[in-house]
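Student: The numbering used here puts the first residue of the sequence shown at 2, with every later residue one more than the last. Just dropping this structure here.
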Amino acid sequence: MVISTEFKKRGPLFSQTLEFAITSAMREGMKGAVLTGEASIKKLLVRQPRPYTFGGRKKGNLARGISGRVQSATRGVITPSRNTPYAKLVEYGRAASQQEIKPRRARALRFKPRGGRQFIYRASARPFVRKMTGNPTFKKTAQYFRSSRSPLPKIFRNALLKALR
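Quick look at the structure:
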């Protein structure tokens with residue numbers, strides 16, 4: 002998720018010190034925005050969102066793997082780390098499996114169904130793997146930041162007021 006803002010300076014009123022103060026305030030505001038975005042994403046990773054959904058928070062590895070960084074005074078990025086390659090699966094989900102299983106060395110598969118006592122023999126089988134929907138935490142956070150209830154204007158306003166005191 003990318004957070005970006007725009008800052009335009011107009012007129013001869015800007016001095017070097019004021020421009021430096023505003024740039025550092027924008028950087029502080031961006032740092033606050035990135036931390037708020039991280040917290041919002043981590044808060045949406047609950048234990049079990051709903052049945053047949055990825056994104057259940059069991060050990061918290063994905064939440065710990067989400068990190069944000071400020072690239073400039075007007076741009077910040079929040080991404081999952083390289084240690085969490087399953088973040089894409091959690092965000093978007095997975096389709097039902099259509100893979101057919103065939104025997105490698107024999108002519109038939111031999112397996113015992115759950116709760117069954119006898120073996121079943123098949124030339125091929127299709128395992129039923131249920132479709133799992135994702136838990137789009139990044140998408141929800143981006144929508145929240147674009148909405149009218151977004152905390153971003155307040156974060157940047159407070160940072161600018163603090164710098165201009």
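Beta carbons: idealized from backbone N, C-alpha and C, even for Gly.
(1) Please give me, in chain order, every unbroken run of the beta strand (DSSP E) with length at least 3 that falls completely inside the segment 87-150.
(2) Over what stretch of residues does the beta strand (DSSP E) that includes P52 continue unbroken?
(3) Return yes when the Cβ of I79 is within less than 8 Å of the Cβ of I42, no when it is not.
(4) Do the CB positions of G33 and I156 come within less than 8 Å of each other?
(5) Could you spell out where the alpha helix (DSSP H) holding T24 opens and where it closes?
(6) How about E29 and A126: are their beta carbons less than 8 Å apart?
(7) Let me make sure I understand the geometry here. Which of A107, K103, L90, Y122 has the alpha-carbon closest to that of T134?
(8) Do T75 and F146 have their CB atoms nearer than 8 Å?
(9) For Q154, does the three-state DSSP call read helix, strand or coil?
(10) Terminal residues of the continuous alpha helix (DSSP H) containing G61?
Tutor: Looking at the atomic coordinates:
(1) List check, beta strand (DSSP E) in window: 110-112, 121-123.
(2) Segment: none, P52 is in no beta strand (DSSP E) and carries neither H nor E.
(3) In contact: I42 and I79 (Cβ atoms closer than 8 Å).
(4) Yes. Within cutoff.
(5) Taken as a continuous stretch (DSSP letters only), the alpha helix (DSSP H) holding T24 covers 17-45.
(6) Note that the C-beta distance between E29 and A126 is not below 8 Å.
(7) L90
(8) no
(9) Per the sequence presented here, residue 154 reads as Pro, with Gln not at that position. Three-state DSSP puts P154 in a helix.
(10) Counting along the chain, G61 falls outside any alpha helix (DSSP H), and DSSP gives it neither H nor E.
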